[in-house]
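Enquirer: Here's a structure for you.
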Amino acid sequence: CVLCGWTDDCPEKYGEKRTYVEYNLTFHYYCLLMSSGIWQRGEEDEGVDGFLIKDIRKEVNRAAKLKCNICKKKGASIGCVAPKCKRSYHFPCGIQRECIFQFMEDFRSYCWEHKPVQKFPDKESKGTSPCTICLDLVEHLPTYTVLKSPCCKNAWFHRECLQYQALSAGIFFFRCTVCNNKDKFQKEMLRMGIHIPEKDASWELEENAYEDLLQCYQHCDVKRCVCKKGRDYNEPDSKWEIKRCQCCGSRGTHLACSSMKSWEQNWECLECRSIFAKSGNYSKQKKRSLATSEKTDATTCLLEEPSPKCTRQSPGSQRNFLLQSPKIMCQNNLSPCSHLELPASNRVTVSLSPLMPNRNWSLRKKHLKKQRGEVSNILKELKLQVNTKTTRLNISEENIWKSALKGFRQRSFSPTNTIEIKFTNCRNRSKTETSAGSKHRFFQLLMLHLQNSSLFEGSSAKNLSLDFQAVKENLYFEAGKMIAVSLVHGGPSPGFFSKTLFDCLVYGPENVKPALEDVADVDVAQTIKMIKYANSLSSLQSTIDDCYEFLAAAGCLRTITALCDKNMLVNDILIHHVIKRIISPLESFSQGLKTLGVLEKMQMHPDAFSSVLCHKPERLSAETVCDLFTIHSSSDVNKVEGADFWMSYLQDVEGGESVVTLEDILLFVTGSSSVPLIGFEPEPTIKFLHITYPVGNRLLNCLELPITKTYEQFKSKMDFTIRNTLTAERE
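What follows is the structure, given as structure tokens:
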């Protein structure tokens with residue numbers, strides 16, 4: 008190494024040993040990084056990770072004049088940053104002498120006298136405990152080789168163990184091995200000289216590292232298998248479908264081999280059955296399993312959109328003999344639900360009650376309008392990132408998800424580029440549609456698909472679902488990215504987030520308390536209700552015994568000594584099912600929403616963004632449409648009379664006295680049936696001209712209106728043109 012003179016090649020201690028033949032340079036990466044007289048003055052792709060070659064040679068020449076205070080040889084490029092300390096040393100010598108090198112900020116170095124130390128309370132400075140990484144004993148002494156966790160009282164480590172752990176885990180996964188704290192733990196370890204590289208974890212970089220976990224056990228283990236095609240043959244939805252043991256999952260049987268019906272979910276192997284028999288918990292009565300899972304293909308689920316009115320059931324559930332939750336019954340008008348006790352919740356409903364007093368409703372509308380205006384201004388600020396370079400997306404309306412996913416994943420796609428839409432399956436459309444209306448239509452179809460896809464669950468207010476295939480294909484990230492891009496590029500707001508999902512994104516899942524109505528799975532909801540409304544300790548214990556397997560799988564088993572313990576149990580189940588179960592999809596979805604800085608703005612302005620992400624926009628009114636347009640007219644046109652005709656027409660349309668709707672008018676002019684959250688660009692205008700019929704110029708968002716003598720003529724021409732134009736487009 009040209010800096011320290013050592014020939015050792017030990018990446019864990021001294022960093023990668025690099026050789027650049029063309030520059031006749033060899034050095035340890037940490038020696039270069041910690042050198043006191045050099046900075047990264049270039050871009051990342053210049054020189055050596057931003058260190059210019061000429062600067063490296065200057066640093067070598069500077070160090071050649073300095074003697075190491077440890078080995079007494081020249082080339083000491085690192086100096087102690089403590090005031091008035093003039094010690095210099097080589098990086099390997101500093102490691103041997105127990106100096107501290109901080110791999111953060113200014114990459115400071117401290118000699119053995121001025122290095123930072125951890126302070127232990129007197130009570131903790133005695134005794135020993137196992138290192139939580141290697142499990143060998145660690146003496147509680149404030150020495151260089153021993154480090155204590157800043158977040159856990161009894162977590163002690165060998166420095167060497169921590170350094171190897173950090174190099175393996177990287178900055179994204181390096182955290183306290185006891186409490187899983189990341190921020191506080193990393194900050195203290197960096198201060199104490201642990202190098203945490205900015206890379207993904209080593210186990211995440213191994214190709215097909217988790218492939219074995221995706222394999223389901225498929226083998227018939229009964230003593231006498233009657234399947235002629237062998238014990239490994241599996242045909243779903245037939246008598247030769249293999250069911251796995253609901254307890255261990257490592258044994259299986261064909262339905263026919265165990266005389267099972269297709270709807271029966273529970274089957275225990277002989278080993279598990281014998282364990283239950285010895286413990287006295289085994290019952291020969293067949294009971295439905297509350298926690299079953301089946302492998303589903305995410306792409307198929309996303310393409311086959313379920314009706315938003317359909318209640319999502321447990322995977323594999325064939326017989327729906329459990330009651331629906333009160334909220335679902337009310338929203339689907341299945342049956343009256345006044346006799347059921349509705350759970351208390353902090354949920355914000357999408358539509359307000361029609362029984363609300365008119366004054367409160369008016370104030371609520373005014374408040375939502377103000378918040379939407381605030382979001383509009385924020386999104387306009389974010390849109391300044393979008394440049395004039397265009398990215399064309401070829402979109403199929405019949406397969407909106409697949410074509411959108413392909414477009415967002417193409418190499419040329421960038422969220423900061425202007426998006427251009429080309430619909431590939433519409434004969435009557437122009438080849439390439441660059442108008443804001445067609446782009447808005449694309450995002451509108453995409454948001455509707457996401458709302459009804461398998462990535463979300465719930466009736467109207469949606470939470471994230473758990474789809475392992477979607478996690479594997481990183482679809483939650485893509486969904487978050489699409490929503491962020493839609494908001495900034497002039498698309499509609501989703502409007503289907505539940506309050507719980509929104510709060511998890513804004514405040515963090517650890518600060519959110521879910522409610523019963525967040526549970527979309529009717530089986531799980533029924534189980535929670537049975538526990539919540541148990542009126543005696545014996546009935547509560549009986550309910551827990553009936554769903555023992557489900558509670559064990561959820562990690563929610565707890566000792567019940569009093570009836571009031573049911574509240575804590577219900578809370579545990581809700582947190583597991585609504586939050587902990589989908590923590591991986593939530594993290595991916597959050598990363599996607601960070602696109603163009605949307606999530607950061609959500610966290611800065613939660614009230615404003617809640618109004619657009621958790622609420623559908625209100626229906627258009629004549630006043631709203633009138634305010635959208637600016638009227639221009641030539642000098643020979645009576646502007647006042649034309650404006651009167653226009654306003655009267657809007658009022659007639661709103662009152663149902665026309666064959667068209669306000670949405671039709673907006674679609675005719677702009678190509679969009681609703682007002683984008685970010686507003687129209689350019690702003691819609693109206694011109695009164697001497698023409699026969701009205702004309703909608705979607706490139707300019709301009710409505711050209713005919714000058715007529717009477718209002719009846721004006722209304723007739725408007726109805727005729729708008730209805731026929733839109734009918735022709737739909738056909």
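Numbering (my numbering), first residue to last: 8 to 738. Even for Gly, the Cβ is constructed at its ideal location relative to N, Cα and C. All figures in this text were calculated on a predicted structure; none of them were measured in a lab.
1) Within this structure, are the beta carbons of arginine 399 and glutamate 427 separated by less than 8 Å?
2) Evaluate the contact criterion for the region 79–88 versus the region 48–58: three or more CB pairs, one atom per stretch, below 8 Å.
3) How big is the Cα-Cα spacing for glutamate 23 and cysteine 38?
4) Please report the residue range of the beta strand (DSSP E) in which asparagine 704 lies.
5) If you draw a straight line from the C-alpha of threonine 307 to the C-alpha of leucine 512, how long is it?
6) Does tryptophan 274 come out as helix, strand or coil in the three-state DSSP assignment?
7) Can you find at least 3 beta carbon pairs, one from the region 470–485 and one from the region 589–603, that sit closer than 8 Å?
8) Just to confirm the assignment: which complete beta strand (DSSP E) runs, minimum length 3, are found wholly within the region 385–418?
9) Under the three-state reduction of DSSP, which class applies to glycine 86: helix, strand or coil?
10) Can you list, in chain order, the stretches of the alpha helix (DSSP H) that have 4 or more residues and sit fully within the region 422–497?
11) If you pair each beta-carbon of the region 713–727 with each one of the region 521–541, do three or more pairs fall below 8 Å?
12) Nearest-angstrom Cα distance between alanine 491 and serine 597?
13) Give me whichever residues DSSP pairs with threonine 692 in a beta bridge.
14) Which one or two residues does DSSP pair with lysine 520 in a beta bridge?
15) In whole angstroms, what is the alpha-carbon distance linking aspartate 552 and lysine 160?
16) Using only CA atoms, which one of Glu485, Trp408 and Tyr483 lies nearest to leucine 455?
17) Can a CB atom of chain C be found closer than 8 Å to the CB of glutamate 524?
18) Terminal residues of the continuous alpha helix (DSSP H) containing tyrosine 36?
19) Find out if the Cβ-Cβ distance for the pair lysine 122, cysteine 100 is shorter than 8 Å.
20) Considering just the uninterrupted stretch of the alpha helix (DSSP H) at lysine 61, what are its terminal residues?
21) Going by the CB atoms, is the gap between alanine 561 and glycine 465 shorter than 8 Å?
22) Can you check whether the CB of aspartate 579 is closer than 8 Å to the CB of serine 665?
23) Does the beta-carbon distance from methionine 41 to phenylalanine 108 come in below 8 Å?
24) What number of angstroms, rounded off, separates the C-alpha of lysine 189 from the C-alpha of glutamate 607?
25) Please specify which runs of the alpha helix (DSSP H), each continuous and at least 4 residues long, are wholly inside the region 568–600, giving them in chain order.
26) To the nearest angstrom, how far is it from the Cα of glutamine 658 to the Cα of alanine 629?
27) Please tell me whether leucine 673 and leucine 733 are closer than 8 Å, where the distance is taken between their beta carbons.
28) If we call anything under 8 Å between Cβ atoms a contact, is threonine 260 one with cysteine 223?
29) Check whether the region 401–418 and the region 373–389 touch, using three or more Cβ-Cβ pairs below 8 Å as the test.
30) Excluding the 5 residues preceding and the 5 following serine 156 in the sequence, name in chain order all residues of the same chain whose CB lies nearer than 6 Å to its CB.
31) Could you pull the start and end residues of the alpha helix (DSSP H) that serine 543 belongs to?
32) Could you check the C-alpha separation between leucine 212 and phenylalanine 616 for me, to the nearest Å?
33) Taking buried to mean at least 16 other C-beta atoms within 10 Å of its own C-beta, is leucine 620 buried or exposed?
34) Could you tell me which residues DSSP pairs with isoleucine 45 in its beta bridges?
35) Quick check on this structure: which residue in Val682, Trp274 and Pro243 has the alpha carbon closest to the alpha carbon of glutamine 451?
36) Going by other Cβ atoms of all chains shown within 10 Å of its Cβ, with 16 needed for buried, is glutamate 205 buried or exposed?
Expert: According to the structure data:
1) The answer is yes: Cβ separation under 8 Å.
2) Using a C-beta cut-off of 8 Å, the region 79–88 makes no contact with the region 48–58, since fewer than three inter-stretch Cβ pairs fall below that distance.
3) Taking the straight line joining both Cα atoms gives about 10 Å.
4) Note, asparagine 704: beta strand (DSSP E), 702–704.
5) Summary for threonine 307: the model assigns pLDDT 38, below 50, so the residue's position carries little reliability, and this model does not support an answer.
6) In the structure shown, tryptophan 274 adopts coil according to DSSP, grouped into three states.
7) Flag = yes, the region 470–485 and the region 589–603 touch.
8) Counting only runs of 3 or more, we get 397–402.
9) Residue state, collapsed to three classes: strand.
10) Given a length threshold of 4 residues, each whole run of the alpha helix (DSSP H) inside the region 422–497 is given here in chain order: 443–458, 475–479 and 482–495.
11) Not touching, per the Cβ criterion.
12) CA-CA distance, alanine 491 to serine 597, rounds to 10 Å.
13) Looking at the DSSP assignment, threonine 692 forms a beta bridge with Thr637 and Cys709.
14) Paired residue(s): none; lysine 520 is not in a bridge.
15) The straight-line gap from Cα to Cα measures roughly 37 Å.
16) Nearest C-alpha to leucine 455: Trp408.
17) Chain labels in this structure do not include chain C; a single protein chain is all it has.
18) Under the DSSP assignment, tyrosine 36 falls in the alpha helix (DSSP H) whose first and last residues are 36–41.
19) The beta carbons of lysine 122 and cysteine 100 sit no closer together than 8 Å.
20) Annotation for lysine 61: the continuous alpha helix (DSSP H) segment containing it runs 60–70.
21) Cβ atoms of glycine 465 and alanine 561: not closer than 8 Å.
22) Not a contact, by the Cβ cut-off of 8 Å.
23) Contact: yes.
24) Rounded to whole angstroms, lysine 189 to glutamate 607 spans 20 Å at the Cα level.
25) Qualifying alpha helix (DSSP H) stretches, in chain order: 572–581 and 590–600.
26) So the two alpha carbons sit approximately 6 Å from each other.
27) No, the Cβ-Cβ distance between leucine 673 and leucine 733 is not below 8 Å.
28) Cysteine 223 sits away from threonine 260, with the two beta carbons spaced by 8 Å or more.
29) Contact between the region 401–418 and the region 373–389 is absent: fewer than three C-beta pairs spanning the two stretches fall below 8 Å.
30) Cβ neighbours of serine 156 beyond the five flanking positions: Ala162 and Cys183.
31) In this chain, serine 543 is not harboured by any alpha helix (DSSP H), its DSSP state being neither H nor E.
32) For leucine 212 and phenylalanine 616, the gap between their C-alpha atoms comes out near 36 Å.
33) By the Cβ-count criterion, leucine 620 is buried, with 16 or more other Cβ atoms from all chains shown falling within 10 Å of its own Cβ.
34) Beta-bridge pairing links isoleucine 45 to no other residue.
35) Comparing alpha-carbon positions, the option among Val682, Trp274 and Pro243 lying closest to glutamine 451 turns out to be Val682.
36) Burial call: exposed.
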